[in-house]
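Numbering (the UniProt record's numbering), first residue to last: 1 to 480.
Glycine is no exception: its CB is placed at the ideal position from the N, C-alpha and C atoms.
Input: a single structure, listed below in structure tokens.
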Amino acid sequence: MEHSADGLEQLSVVRRCFESGKTRSLSWRKSQLKALQRLLVEREKDIFRVLKEDLGKHQAEAFRDEVGFLGKSVDYHIANLDKWVTPTKISIPLLGFPSTAQLVQEPLGVVLVLSTWNFPIALSLEPLIGAISAGNAVVIKPSELAPSSSAFLATNIPLFMDNEAVKVIQGGPDMGEKLLGHKWDKIFFTGSPRVGRVVMTAAAKHLTPVTLELGGKSPCIVDSISGSGDREVMVKRIIGGKWGSCNGQACLAIDYLLVEEKFTTTLVDLLKTTMKTLVSEPEHISKIVNKHHFERLCSLLDDPLVASSVVHGGSIDHEKMYIEPTILIDPPLNSEIMVREIFGPLLPIITLKKIEDSIDFIKGRPKPLVIYAFTNNEALKKKIVEETSSGGITFNDTLIQYVCDTIPFGGIGQSGFGKYHGKFSFDTFSHGKPVVRRSFLTEFSFRYPPWDEDKLQLLRYCYKFDYLRIILHYLGLKKY
Ligand code: NAD
């Protein structure tokens with residue numbers, strides 16, 4: 001084995017494996033996807049256990065957001081892979097006649113996946129699915145902040161998958177930096193904008209393409225939906241979008257609500273009533289990941305002006321590192337809670353004179369990963385779609401977009417760039433290579449110097465696909 005100054009000799013094994021061509025074969029890709037499927041089925045209980053240890057996730061939540069989500073994703077890739085790898089036909093302009101062209105998908109090479117702790121299995125394996133599907137070799141570094149999940153991946157991936165082509169390397173920022181010191185063909189990063197910048201800087205050295213799946217403050221516009229049935233559903237969906245998935249520690253969690261002043265009291269009452277049935281028992285919501293994040297969240301409430309804006313919850317159990325699901329109304333806009341991504345169980349409500357003001361509010365801040373909006377007002381929906389910019393928009397629900405393989409997932413601006421899930425994952429880890437096949441049948445001399453006005457005119461016709469004018473021109477029946 002070759003020696004490497006940083007002890008990462010195994011990277012050369014992965015590189016050689018990719019260069020051997022093994023990962024390109026369709027049968028290898030399918031066998032690896034099936035192996036992953038087996039891992040998810042046979043190790044389901046272990047995954048539930050590690051997610052409980054790291055994040056206190058209930059099995060149902062763990063299945064919905066990680067095991068089940070991944071199983072569905074693998075199935076989708078296996079079902080569609082033949083179609084995705086088939087070269088697609090490209091049309092050629094007249095200047096290239098006669099010829100054919102195809103878009104042929106080729107793998108990028110050796111991919112580095114750096115993932116984070118809040119969905120430690122899903123955010124490591126969902127990129128892996130796309131990377132394998134596209135025929136790459138992969139190195140994954142899971143997050144050190146979910147140690148049981150990270151150890152689970154490091155132990156089990158080698159038991160199920162091809163050891164030369166897929167490696168899990170455990171460690172924290174130091175290991176991340178070491179890995180970034182190597183040359184990769186693609187880096188897929190999920191995490192904070194701060195480390196996203198570190199990743200891009202390292203990638204620039206080798207001109208390595210990157211996908212950055214970052215976070216930010218995702219707003220939820222709440223219009224005064226009429227009809228008590230619809231309001232009940234809306235409130236459940238808001239609660240699900242804040243506390244129902246990793247207790248607000250999700251990139252797609254609602255960060256804050258934007259509500260018309262006159263609807264605020266009604267909404268808070270509805271939220272309080274429904275929260276009693278959905279999220280009042282700590283064992284049904286995930287725990288705060290660690291002391292650092294617990295203290296970070298507590299410190300958001302230390303600001304007296306923020307503390308005085310709490311209208312529900314707010315109690316803290318330091319021993320159990322538990323923060324009650326908390327609602328705040330109009331904390332100062334320049335306070336930490338309204339400037340930084342909250343990533344926890346605190347939900348500020350910002351009141352507005354008119355619900356339409358929400359658009360300027362959002363436009364005045366960095367582009368979020370998602371905008372949620374509850375409204376049946378079609379004119380407002382249109383305005384939100386046309387006037388705001390975000391990774392995506394979901395009307396009248398939360399989080400649901402994430403589990404749809406047909407919907408691309410990714411951010412814009414501060415919330416990242418690049419997209420994945422389903423076919424978008426395959427594309428993210430592939431290079432669509434155009435292959436042009438020319439014949440020697442015809443040759444247009446007007447493509448070459450020496451130039452004259454006649455050639456210029458023929459070139460004009462050519463780019464306009466104007467067969468008729470070219471024929472007339474050659475027959476001497478039509479001059480420019
Ligand atoms: P982070 O950026 O601190 O860490 C992410 C990964 O990078 C970890 O594996 C970590 O070990 C590694 N890392 C940290 N410092 C590094 C360095 N200097 N060099 C190389 N690697 C380094 O992420 P975090 O703060 O733990 O995660 C929370 C953030 O992730 C939030 O902003 C959240 O919104 C975002 N997030 C985004 C998505 C998404 O899909 N868009 C999903 C989950 C979380």
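Check: Assign Phe440 to buried or exposed, taking buried as 16 or more other Cβ atoms, counted over all protein chains shown, within 10 Å of its Cβ.; Outcome: exposed
Check: Under three-state DSSP, which class holds Met1?; Outcome: Confidence at Met1 is low in this model, with a pLDDT of 44, below 50, so its placement is unreliable and no value can be given for it.
Check: Are the CB atoms of Ile327 and Val339 nearer to each other than 8 Å?; Outcome: no
Check: Does DSSP put His421 in a helix, in a strand, or in coil?; Outcome: coil
Check: Just to confirm before moving on: does the CB-CB distance between Gly410 and Glu213 stay below 8 Å?; Outcome: yes
Check: Beta-carbon within less than 7 Å of Asp46's beta-carbon, same chain only, minus the 5 sequence neighbours each way: which residues are those?; Outcome: Phe152
Check: Please state whether the Cβ-Cβ distance between Phe160 and Leu36 is less than 8 Å.; Outcome: yes
Check: Cβ-heavy atom distance between Phe343 and ligand 1 below 7 Å?; Outcome: yes
Check: Could you round the C-beta distance between Ile384 and Ile355 to whole angstroms and report it? I think they count as a contact, below 8 Å.; Outcome: About 10 Å separates the two Cβ atoms, so there is no contact after all.
Check: Going straight from the alpha carbon of Gly71 to that of Leu40, what length do you get?; Outcome: 7 Å
Check: Which one of Leu258, Pro345, Leu472, Lys320 has the shortest CA to CA distance from Thr361?; Outcome: Checking the sequence shown, residue 361 turns out to be Phe, not Thr. Looking at the Cα atoms, Leu258 is the closest of the given residues.
Check: Is the segment 372-379 close to the segment 285-300, with three or more CB pairs under 8 Å?; Outcome: no
Check: Let me check one thing: in DSSP terms, what residues is Asp317 bridge-paired to?; Outcome: Tyr322
Check: Express the C-alpha separation of Ile225 and Ile329 in angstroms, rounding to a whole number.; Outcome: 20 Å
Check: Take every Cβ of the segment 94-101, pair it with every Cβ of the segment 46-58, and state whether three or more of those distances are shorter than 8 Å.; Outcome: no
Check: Would you decide whether Tyr480 is buried or exposed? Buried here means 16 or more other CB atoms lie within 10 Å of its CB.; Outcome: Residue confidence for Tyr480 is low, a pLDDT of 44 falling below 50, so the modelled location carries little weight; the figure read from the coordinates is stated next. Label assigned to Tyr480: exposed.
Check: Should Pro173 be listed as close to ligand 1, given that the test is whether its C-beta is under 7 Å from any heavy atom?; Outcome: yes
Check: Can you confirm whether the segment 131-142 touches the segment 204-211 when touching is taken to mean that 3 or more C-beta pairs between the two stretches lie within less than 8 Å?; Outcome: no
Check: Measuring only the C-alpha atoms, how far is Leu475 from Gln457?; Outcome: 15 Å
Check: Residue range of the alpha helix (DSSP H) that Pro127 falls in?; Outcome: 122-133
Check: If you count every other CB in all the chains shown that lies within 10 Å of the CB of Leu33, and 16 or more means buried, which is it?; Outcome: buried
Check: So Cys220 is in the beta strand (DSSP E); what residue range does that whole segment cover?; Outcome: 219-222
Check: Helix, strand or coil for Val13 per DSSP?; Outcome: helix
Check: In three-state terms, what does DSSP make of Arg438?; Outcome: strand
Check: Report yes if the C-beta distance between Val166 and Leu128 is below 8 Å; otherwise report no.; Outcome: yes
Check: Leu300 and Glu341 - do their beta-carbons sit closer together than 8 Å?; Outcome: no
Check: Does any heavy atom of ligand 1 sit closer than 7 Å to the C-beta of Leu114?; Outcome: yes
Check: How about Val370 and Gly391: are their beta carbons less than 8 Å apart?; Outcome: yes
Check: Pick from Lys276, Ile157, Pro332, Gly244: whose alpha carbon is nearest that of Gly313?; Outcome: Lys276
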